[in-house]
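Those letters in the sequence shown? Residues 15 to 116, by the numbering used here.
The structure appears below as structure tokens.
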Amino acid sequence: MKPMPPRPPRILLLNASLAGASGNTAVLLARIRTALRGKAAVETAVLAGGPDFAALRPQLEAADAFVFGTGTHWDSWSSELQRFLEAATAAEATSLWLGKPA
15 MKPMPPRPPR ILLLNASLAG ASGNTAVLLA RIRTALRGKA AVETAVLAGG
65 PDFAALRPQL EAADAFVFGT GTHWDSWSSE LQRFLEAATA AEATSLWLGK
115 PA
């Protein structure tokens, strides 16, 4: 029996832009998605007005790596990313994140 070929990595693109799916961050993440075509299984989650951390947890668990996209506001990340990170605090230093490049 031949060994199974390795599966492509699963990468979750997290759009934390205030503009959501219509801003510059969305354009950049779309380019990343295109560059990864055929090399990885890619999913996108839009945080603005979207699901809460609990709803995103299955996608986060399934991912092998993350790409966080956000604009800069007052020399920092967006309030959407801040809200997400605060909600994710309980999962800090768990297998949800450990060993997964971001």
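Where is the CB? At the ideal position from N, CA and C, for every residue including glycine.
Quick caveat: nothing in here was measured; it's all calculated off a predicted structure.
Under the three-state reduction of DSSP output, A49 falls in the helix class.
Around the beta-carbon of G63, fewer than 16 other beta-carbon atoms lie within 10 Å, marking it exposed. The beta carbons of I46 and L74 sit no closer together than 9 Å. Judged by their CB atoms, S36 and G83 are not nearer to each other than the 9 Å cut-off. Following the DSSP letters along the chain, one finds L28 inside the beta strand (DSSP E) bounded by residues 24-29.
Rounded to the nearest angstrom, the Cβ distance from A54 to P17 is 20 Å, too far for a contact under 8 Å.
Here the alpha carbons of I25 and E57 stand approximately 6 Å from one another. For the set F67, L43, N38, P20, the Cα lying nearest the Cα of L95 is the one of F67.
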